[in-house]
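Trainee:
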Amino acid sequence: MTIDFKKAGRVKEPALPITEIEHSAFCKSEDELPAKPLLDEIKVNIRWQKIPVKYLHLTAEELDQRLHHAREKLGKRVIILGHHYQREEVIKYADFQGDSYLLSQQAASQPEAEYIIFCGVHFMAETARILCSPHQRVILPNITAGCSMADMAPTGDVLDAWDDLEEVLGGGSIVPITYMNSTAEIKALCGRNGGIVCTSSSAPSAFEWAFERGERVLFLPDQHLGRNTGLKIGIDLDDMIVWSPFKRLGGHTPERIKSAKVILWQGHCSVHTRFTARQIEAARQRYPDIKVIVHPECTMETVQAADMDGSTEVIRKTINEAAPGSQWAVGTEISLVNRLAKNNPDKVVFCLDPIVCPCSTMYRIHPAYLSWVLDGLLAGEVVNEIKVDGETMKYAHTALERMLQVK
Ligand code: 13P
Ligand code: SF4
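Following the working numbering, the numbering of the sequence shown begins with 105 at its first residue and continues without gaps.
(1) Alpha carbons only, please: which of T416, L324, E319 is nearest the one belonging to A292?
(2) Hey, could you find the ends of the beta strand (DSSP E) P471 is sitting in?
(3) How far does the beta strand (DSSP E) with G202 in it extend, from its first residue to its last?
(4) Can the beta-carbon of C223 be found closer than 7 Å to that of Q190?
(5) I need the straight-line Cα distance from L508 to G480, nearest angstrom please.
(6) Would you check if the distance between the CB atom of I278 and the CB atom of I300 is smaller than 7 Å?
(7) Are the CB atoms of I459 and V434 within a distance shorter than 7 Å?
(8) Relative to the alpha-carbon of L329, which residue among G338, D342, L368 has its alpha-carbon at the smallest distance?
(9) If you count every other CB in all the chains shown that lies within 10 Å of the CB of D342, and 16 or more means buried, which is it?
(10) Does K365 come out as helix, strand or coil in the three-state DSSP assignment?
(11) Helix, strand or coil: which one does DSSP assign to M253?
(12) Identify whether Y499 lies in helix, strand or coil by the three-state DSSP scheme.
(13) Using a threshold of 6 Å, is the CB atom of S52 nearer than that to any non-hydrogen atom of ligand 2?
(14) Which whole runs of the beta strand (DSSP E) in the region 364 to 398 are 3 residues long or more, in chain order?
(15) Are the Cβ atoms of N488 and I122 separated by less than 7 Å?
(16) Of all the beta strand (DSSP E) runs that stay within the bounds of the region 194 to 242, which reach a length of 3 or more residues?
(17) Please return the same chain residues whose Cβ sits closer than 6 Å to the Cβ of Y499, not counting the five positions on each side in sequence.
(18) Based on the DSSP output, what are the partners of K132 in its beta bridges?
(19) Take every Cβ of the region 363 to 381, pair it with every Cβ of the region 252 to 264, and state whether three or more of those distances are shorter than 8 Å.
(20) Please name the residue, chosen from S213, F311, S464, that lies closest to I337 on a Cα-to-Cα basis.
(21) In whole angstroms, what separates the C-alpha of L236 from that of A387?
(22) Measure the alpha-carbon distance for N424 versus T436 and round it to whole angstroms.
(23) Taking L353 as the reference, which of E270, H501, E165, L120 has the closest Cα?
(24) Are the beta-carbon atoms belonging to Q210 and L185 less than 7 Å from one another?
(25) According to DSSP, which residues form a beta bridge with R320?
(26) For H187, write down the residues that DSSP places opposite it in a beta bridge.
(27) Tell me the rounded alpha-carbon separation between H161 and T403.
(28) Out of G334, C131, A139, point me to the one whose CA is closest to E401's CA.
(29) Could you work out which residue in N332, I339, S348, D393 is closest to A119 when comparing CA atoms only?
(30) Using three-state DSSP, classify T106 as helix, strand or coil.
(31) For R378, which option in C461, D326, R181 has the closest C-alpha, if you only look at C-alpha atoms?
(32) Residues in its own chain within less than 6 Å of S309 by CB, not counting five upstream and five downstream?
(33) Sort out for me which residues DSSP pairs W347 with in a bridge.
(34) Spatial neighbours of R233 within its chain, please: CB distance less than 6 Å, with the 5 preceding and 5 following residues excluded, ordered by chain position.
(35) Excluding sequence positions up to five away, which residues of its chain have a Cβ less than 7 Å from the Cβ of A265?
Set out below in C-alpha cells:
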C-alpha cells in the first residue's frame, strides 16, 4: 500500500456536520416565531454557546432596555449588521440590513466603526473580517452560529479532492469557484489556485470568468447553486458531475472526470432544499395568479418550476417593488418571508413550505447574545472576536477581490 503523505496529516471531518443534524430543531407548524427568554429557547436540543446566567432570565423588555442603553453609550464606535434571515427581535437593532455580499461591503465602508457586530453566521463575519480595515474588530454574538452548508466543505476534504483532481486532470485546467457561504480557508484555497468567490447573484459571471481561464470548474460547496448556474449559462446537465467527499475520486472514474465541465461539491442548504416543485403546484392551485420566487440554493426542479429565482436581496426588492394586489409564494428562509409579508400588507406574501423552519444557525443569534457582546464592549472586553490568520486572509482576499471585479 502506498501512503499519500500530502493527505495523511489532514483531519477528516465526520460525514454529516452536526449543524445539519440540528437543522430541524426549531421547525414548527404555526407561523410566528417570537423570541422567548433565552432560558426557554436554550432547552432546544442544539449546541448553544455558554453565556453568563443573568442573560438567561431577561425578558424581551429588559433586553430591549439593556440594548438601547449599550447602543447609546457606544455610539458610532459600533455598527450592527443584520442579515435578512435574522429574527425580528434582532434585526430591529441593525444599522444595516442586507444579503451577505451587501453586508460585507457595508463592513468595508465604515472605517470609523471600531467594532462590527455581525448578526448573521460565521462565514459572513469571517468575510467582513477579511474585507474591513485591520484596526476594526468583528464580533459574532453567538459563536455557534455557523452554516451547515459551509460545514459540508471542510478544508481537509476539499484539499484531498483538489489533489485528486490535479492528479487526474493535470495542473491548470480546472478553476475553483466557491460560493460566499464557505469558510475563509476554502476562499483562500480558491485565491491560491487562480479561483474566485461568488454570491448567488454573481455566480453566472463567476462561471464565465472561470471558463475564460480554464476548461473546467470546481464549484463549492452548494451543488444546487452550481447546477442552477451551470444550466443558466448553457451547460448541459450531462456535463456536470457531483463530487462526493466520501468516495474515492468523488465517486467517478478518471474518464468521467475528464469529460465533465463542472464538478459540483456535494453540499446543500438544509433550509432551501425543503422547497419542492409539489409545493409550487399546490400554491398555484390555491392562487392561480401567484408568482413564485425562490432562492437559487433550491433544487433544480424547484428553481425550474418557479417563475423566478434570486438572492435574498433580489427577492426582497422584487416583492417590495411589486404591484399592489400581487400574490407571492416565496422559497426562502421564514424570517425574511414573514418580514416581507408584514411590510407589504397590500400584497399576498407567504412561504412555500407550510412547516415553519428557520435557519437554525441564524436563529442562534438571540437578543440576549447581542446584549452580552455589547455589555462586554461597555466593560472594555471583546467577546467572540472573529479572527482569520494572515496567510488565509491574504489568499481569501485575492479571491474576494476577483469577485468584486466581475460583479
Ligand atoms: P444571500 O447571499 O442571498 O443573502 O444568501 C445567504 C444565505 O445564507 C442563503 O442561504
Ligand atoms: Fe447556511 Fe442555508 Fe442557513 Fe444560509 S440558510 S446560512 S446556506 S444553512
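Glycine included, every Cβ here is placed at the ideal spot set by N, Cα and C.
Mentor: Looking at the atomic coordinates:
(1) L324
(2) First-last for P471: 471 to 482, but that is the alpha helix (DSSP H), not the beta strand (DSSP E).
(3) 200 to 202
(4) yes
(5) 34 Å
(6) no
(7) no
(8) L368
(9) exposed
(10) coil
(11) helix
(12) helix
(13) Residue 52 lies beyond the residue range present for the chain, which begins at 105 and ends at 511; the question has no answer from this structure.
(14) 366 to 369, 395 to 398
(15) no
(16) 200 to 202, 219 to 223
(17) A292, G295, R296
(18) V460
(19) yes
(20) F311
(21) The question names Leu, but residue 236 is Cys in the sequence shown. Rounded to whole angstroms, C236 to A387 spans 43 Å at the Cα level.
(22) 15 Å
(23) E270
(24) yes
(25) I278
(26) G202
(27) 41 Å
(28) G334
(29) S348
(30) At T106, the pLDDT of 48 sits below 50, so the modelled position is not reliable and the matter cannot be decided from this model.
(31) C461
(32) V510
(33) W369
(34) V242, I490, V492
(35) W347, P349, G354
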